[in-house]
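Participant: Provided herewith is a single structure, encoded as structure tokens, for subsequent inquiry.
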Amino acid sequence: MKGSDVSAVSTHNDEHASSTGYSNNKVAMWAFLGSECLFFGAFISSYLLYKNRAGPAATEPYPKDLFDIPFTSVTSFILLVSSLSMVLALSAIQKNDPRRMRVWLVCTAALGMLFVACQVFEFTEFLREGMSPASSVAATAFYILTGIHGAHVTIGVLMLLGQAGASLVDERRGAPWTAARSEGVEIFGLYWHFVDIVWIIIFTVIYLIK
Amino acid sequence: MLVAGCSSNDNGQNALKPKGKYAEKADNLWEISFWIAAAVGVLVFLMLIVAMIKFRHRPGNENPKQVHGNTAMEIGWTIAPAILLAILSVPSVKTIFELADDPASNAVHVRVVGHQYWWEYQYLDSEPTDDNVPTVLFATANELVIPTERDIALYVTSIDVIHSFWIPSLAGKQDAVPGREVRMLMAADEPGRYLGQCGELCGLSHANMRAVALAYDEAEYQAWVEGQMAPPVVPTGLATEGQAVFTELGCAGCHGADGFDGERFGPNLTHVASRDLYAGAIFDFAWGTPEGAAQLKAWIANAPGEKPGATMKEYSGALTASQLDALVAYLESLT
Amino acid sequence: MAASSIQAPSRALLRRPKATTGALSWFTTVDHKKLGILYIVTAAVFMGIGGLEAILIRLQLATPDGTILTASQYNQAFTMHGTTMVFLVVMPLAAGFGNYLMPLQIGARDVAFPRINALGYWAFLTGGLFLYSSIFLGGMASGGWFGYAPLSTGDNLAASALAGTPFVGSGQTFWALGLIFTGLGSLVGAINFIVTIVNMRAPGMRLMRMPVFTWMITVISFLLLFAMPVITVALIEMFVDRQYGTSFFTTANGGDPLLWQHLFWIFGHPEVYILILPGMGIVSEILPTAARKPLFGYSFVVFSGVAIGFMGWGVWAHHMFATGLGPVAVTAFSLSTMFIAVPTGVKIFNWIATLWGGAIKFTVPMMFSIAFIGLFVVGGLSGVTHAFAAHDRQQTDTYYIVAHFHYVLFGGGMMAFIGGAYFYFPKMFGRMLNERVGKLNFWLMFIGTNLTFGPMHILGLEGQPRRTYTYPEGLNWEHWNLVATIGSLILALSFVVFLGNWIWSIGMKKGEIAGDDPWDGRTLEWSISSPPPEYNFAVVPQVENRDDFWHRKYTEDENGFLVRRISGGADDGATKSAPTTTLEKRDLGDAGDGPHDGDDQGDHGGHGDGHGIHLPNPSYHPLVLALGLPFIGWGLINHWGLLIPGAIFVFWGVVGWMLEPASE
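Protein chains in written order, with my numbering: chain C, -15 to 194; chain X, 375 to 709; chain W, 11 to 674.
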């Protein structure tokens, strides 16, 4: 959504190009991701502080008792593969091939949706096994952290689909995307890779380290 | 600030009038930091005032010499304050560790529990550690009774929200955080009555959560301990009726009146008549006076009306005047 | 450009707004100068509300056993006073001055993301209004501006008061969500500032040529960028604790109340510098101008600001010395707190050295700036005394702390902003404020500040705790409390005088026409007309020096004395050598290609100025998006049905935003 300022900025400032050589949108995305590091950092810290904590009379399981490492490894792999297809989408548009870009964007989005679906399945399993969000502070911290990450993936999916759709609309209007539009894809890609890396950290720190 | 340094307000709750060694350690630090800060402040003000007078705009000096900076000066006024602060940090750090030292072996151990809006004091037989769960000898409220010239080790905690235990003339604050028990040390040099109050916002009656430390000399303190350890007085006369009302209304659900038998919501009343203050040390029992009895009845009938947010329920509908009389007689008998 | 907007059919629900003048234009503007004024005016209104709360507090405490407010009203008053002043007054003032001045100071025609900039303002406004809507919806927050859990996650009302009524007891939930919303505005605003400063400086405007105010805006933008997510996480955790009964900050299910304190102060201490650094920046602009000498040790002033920004992340636990951190942690934070005084001291010495040897004109802005130095020194030194952790346990949560941070934030920050308002008013509105009234304003404020906050040092050390709605007779606190209350009334009067001065100058149009450069200024914003045209610079300036505009007017002789250049001397189109005296007769320089007034021409199709300067069009969508926020808040607190209008506004705002190009 913020990407639509690209054209405007580059036109109304042609007379003085950006001081760094990077476009405003890209610098903004980097700044935003810097901010997101602390956002996830604070949630991860909350979880690490609380992973062994429950109320005095708690009988509910801790998140770490329920983790299904093989299953989550598969979902993590799905997200990793989506990063690869995101790279392929960028590469396609850089080679002036908007059709293949759309294919890869939709593929990335589909993998992202699959990941979110797996997460929803995992949550329902955990609930069935008796770990409700308010049962212990460890469970709350787990659900909030992974839930917020899932929300980031969902927003990413919407942005990718939106971009594929915009490209299609422009093509119907006779203005197919060229490599000149690749920066927008690159910037969404930055976001997507970031969300992916955050998941790798969550998977390592929360699921694998006991 | 200068005025503060020479405060002569001996109101019993003044951090500048330490009355025990732990408060004195903190106050010594204040003396150092205050005078250094005052000296630096005066120096800076002098420079500022001289600059304002000497270099004010006058006909003819419109175009002053353009000075852009001076690296030597910059380094000077970076290093000089740093050195000054490094020197000052020595006594500061020393005091931090001194206040965290273990108390002397004859220390009195008291668990201080913050409640909305009053302090509970559980006198312990030994120091609570990871391996030792001490026995509570007896519990009182609002007035902390301590012997002079001995270390008092307070283990500060809370059952509801965060409070902060603070008797300025005896020691600095210690926050009472639910789920944690943190030790603080205090000591009083001389017998006396030292005032304090809750230091951390804890709700509507934060302002009404006061505390008093009563320092007794050793003999007097021992006599007081014996009195608190004694079994509860068996009521007679009107007080017997009061005891019946006390039981009937379920007062014992919150108020232990038969020695300490576990932490309750309200203050332990076993020897309540030995205390002077109640309701977060804002009201005086004034035992035996009609004013005292009237205030106490008003409190029992409608505590939240007397003190905003008080957690004791309103009993005005459930109590007749004669029942109130009986209750007051019962409480008065609990010496 | 003009043609395209006629041909392209509007895909959005709202017709693209065109007007850049008139009342409606304020709702759709993406002009950083208008947004800056909106921020400042809105902050001034919130200042009035926060000030009223302060006066209520002082009246309650004027005598022992005061009865003006109940305990509950008092707790709400001081909670909202602190919250308002920090989040709805000083932060927006920084955003407002930053918005107005930073692009002008770096020679940019606009910010990097004009619509995101507008979103930042509207999120601040709707978030602030949402926060204050709790006054009609069951009472405001009463857990202090620092919202310590578990007090803030509990009900804090008697059970009888909570029964049945919608929203009652939700004050602290309003607080948590309202601050998330305004925080969202601060975050997008910070990103916009960072990108603008990093990427949109005029040719030759190297980082070490940027005015100090812009530098300080840079530092606070980075502080906001990294501090806002931390408080957002804490507020989300508080919200779920309150709304869904989880226990991040209560011990019931294993949580720890101290986590809130750590998260809050990891945000909260950088926040303190977010509040004070813009004031330091403004003063660093005013002092050299009024002393007619360059800022002494520019690079040291800049780097000490950056150093403060970094060190500000390592001192948070000094707010927690009394919680029982253990002597090692206390020592570490005590030392880091002491040494953050070093870069602060460097600034003060440099300011005094700037005055030394100058030709100081005691204009109203200058009086405020010098008062800033003096009052800030008092606040800074009392801050050093807090670093003595063992004695801080006597000081913390007493009026001594209240005295300290009001000297820093009111005597410091607010004095600088008021001085800045006098200094930049002519640039913003084209007319001067009255100097004599300004001097009256200054003396009232200076005396009021010292009378109000000075006695609080004594009261705190004599044992008066903060946040207490009453105190008994007999502790000898009566006199100083009364003095403080009188002082606060004098302060209130000084703000009335200030407001009167504004009305006199631009409301009644009695203010003297300012001309472009009324103070003989040093930086680029003084090189353009007052008020500046919408596009700021007709020709993007080529920057050769630090204080570039000054160097176009003056040079130094061989002994370093100031010499006025004979003529304009500069070759830039928008430069003049001497201040113009009338608003109407604008001499836009000899290059001859400067347009006369952007506003005259702002309304012919598309949006340019007829000189090839292309500016982004106004937009409704930032406002539409932000309007969704309060509905989401009410919906989350009370009934999910209210989420629907919230979602509609947000969806409409986002989609409309995406479909509309930034300029057409």
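Note that beta-carbon positions come from the ideal geometry of N, C-alpha and C, so glycine has one too.
1) Under 7 Å Cβ-Cβ, which residues of chain W neighbour D549/X?
2) Could you tell me the alpha carbon to alpha carbon distance between A212/W and Q552/W, rounded to whole angstroms?
3) Mind checking the region 404 to 424 of chain X against chain W and listing, in chain order, the residues whose C-beta falls within less than 7 Å of any C-beta there?
4) Using DSSP bridges, identify the partner residues of Q571/X.
5) A389/X CB to nearest chain W CB: under 8 Å?
6) Have a look at A426/W, A502/W and F203/W and flag the residue whose alpha-carbon is nearest the alpha-carbon of A118/W.
7) Tell me the DSSP secondary structure of R724/X in three-state form.
8) Can you have a look at A413/X and say buried or exposed, based on whether 16 or more other CB atoms are within 10 angstroms of its CB?
9) Check each candidate in S196/W, I65/W and G473/W and name the one with the smallest Cα separation from K391/X.
10) Quick one, which of A237/W, V325/W, V340/W and T299/W has its alpha-carbon nearest V467/X's?
11) Closest to T192/W by CA distance: which of D165/W, L141/W, L235/W and W225/W is it?
12) So, at 7 Å on beta carbons, what are the nonlocal neighbours of G484/W in its own chain, with the 5 sequence-adjacent residues on each side left out?
13) DSSP three-state call for N435/X: helix, strand or coil?
14) Report the option in A581/X, V586/X, D505/X and V551/X whose CA atom is closest to the CA atom of P542/X.
15) Tell me, please, which residues DSSP counts as bridged to L528/X.
16) Can you list, in chain order, the residues of its chain with a C-beta nearer than 8 Å to that of P482/W? Leave out the 5 residues immediately preceding and following it.
17) Under a three-way DSSP split, which group does I533/X fall into?
18) Give the list of continuous alpha helix (DSSP H) stretches no shorter than 4 residues that lie fully inside the region 6 to 83 of chain C.
19) Between the Cα of P508/X and those of Y529/X, Y652/X, E405/X and D499/X, spot the shortest distance and give me the residue it belongs to.
20) Quick one: list the residues of chain C neighbouring Y131/W, beta-carbon separation under 9 Å, in chain order.
21) Can you name, in chain order, every residue of its own chain whose Cβ lies under 8 Å from the Cβ of W667/W, other than the five neighbours on each side?
22) Please decide whether I128/C counts as near chain W, where near means a Cβ-Cβ distance under 8 Å.
23) Where does A454/X fall in DSSP's three states?
24) Which residues, in chain order, does the region 157 to 169 of chain C contribute to contact with chain W at a C-beta distance below 7 Å?
25) Just the C-alpha distance for F310/W and I296/W, rounded to the nearest angstrom, thanks.
26) CB-CB under 7 Å to Y191/C, same chain, minus the five flanking residues each way: which ones, in chain order?
27) Does the region 454 to 474 of chain W come into contact with the region 434 to 444 of chain W, if we say contact requires no fewer than three beta-carbon pairs (one atom in each stretch) closer than 8 Å?
28) According to the neighbour-count rule (16 or more other Cβ atoms, all chains shown, within 10 Å of its Cβ), is T565/W buried or exposed?
29) If you compare alpha carbons, which of E670/W, L345/W and G464/W is closest to L458/X?
30) Assign S579/X to one of three DSSP states: helix, strand, or coil.
31) Which two residues bound the contiguous beta strand (DSSP E) that contains W493/X?
32) Taking Cβ-Cβ distances below 9 Å as the criterion, which residues of the region 68 to 82 of chain W are in contact with chain X?
33) According to the neighbour-count rule (16 or more other Cβ atoms, all chains shown, within 10 Å of its Cβ), is S696/X buried or exposed?
34) Could you name the residues of the same chain whose beta carbon sits closer than 6 Å to that of H467/W, not counting the 5 residues immediately before and after it, in chain order?
35) Would you say G616/W reaches chain C, if we count a Cβ-Cβ gap shorter than 8 Å as a contact?
36) In the region 101 to 154 of chain C, which residue ranges form an unbroken beta strand (DSSP E) of at least 3 residues, counting only runs that do not cross its ends?
Facilitator: Once the coordinates are examined:
1) A332, T333 and G334
2) 7 Å
3) W404, S407, F408, A411, V414, G415, V418, F419, M421 and L422
4) R584/X
5) yes
6) F203/W
7) No information on residue 724/X is available, as it lies outside the stretch 375 to 709 that chain X covers here.
8) exposed
9) G473/W
10) Closest by alpha carbon: V340/W.
11) Taking only the C-alpha atoms, the option nearest T192/W is L141/W.
12) none
13) coil
14) Closest option to P542/X, judged by alpha-carbon separation, among A581/X, V586/X, D505/X and V551/X: V586/X.
15) V484/X and M558/X
16) Excluding sequence neighbours, P482/W sits near P74 and D75.
17) coil
18) 8 to 34, 47 to 50 and 53 to 78
19) P508/X has its Cα closest to that of D499/X, out of Y529/X, Y652/X, E405/X and D499/X.
20) Under the 9 Å cutoff, chain C gives no residues; its nearest Cβ is about 16 Å from Y131/W.
21) Scanning its chain for C-beta atoms nearer than 8 Å, with the 5 sequence neighbours on each side dropped, one finds around W667/W the residues R125, S629, H631, P632 and L635, in chain order.
22) yes
23) helix
24) none
25) 17 Å
26) F51, I53 and T56
27) In the pairwise beta carbon analysis, the region 454 to 474 of chain W is classified as not touching the region 434 to 444 of chain W: fewer than three pairs are separated by under 8 Å.
28) exposed
29) L345/W
30) coil
31) W492 to L498
32) Cβ contacts with chain X come from T80, A81 and S82.
33) exposed
34) Y410 and A413
35) Since pLDDT at G616/W reaches only 40, below the 50 mark, its modelled position is unreliable, and no value is offered.
36) none
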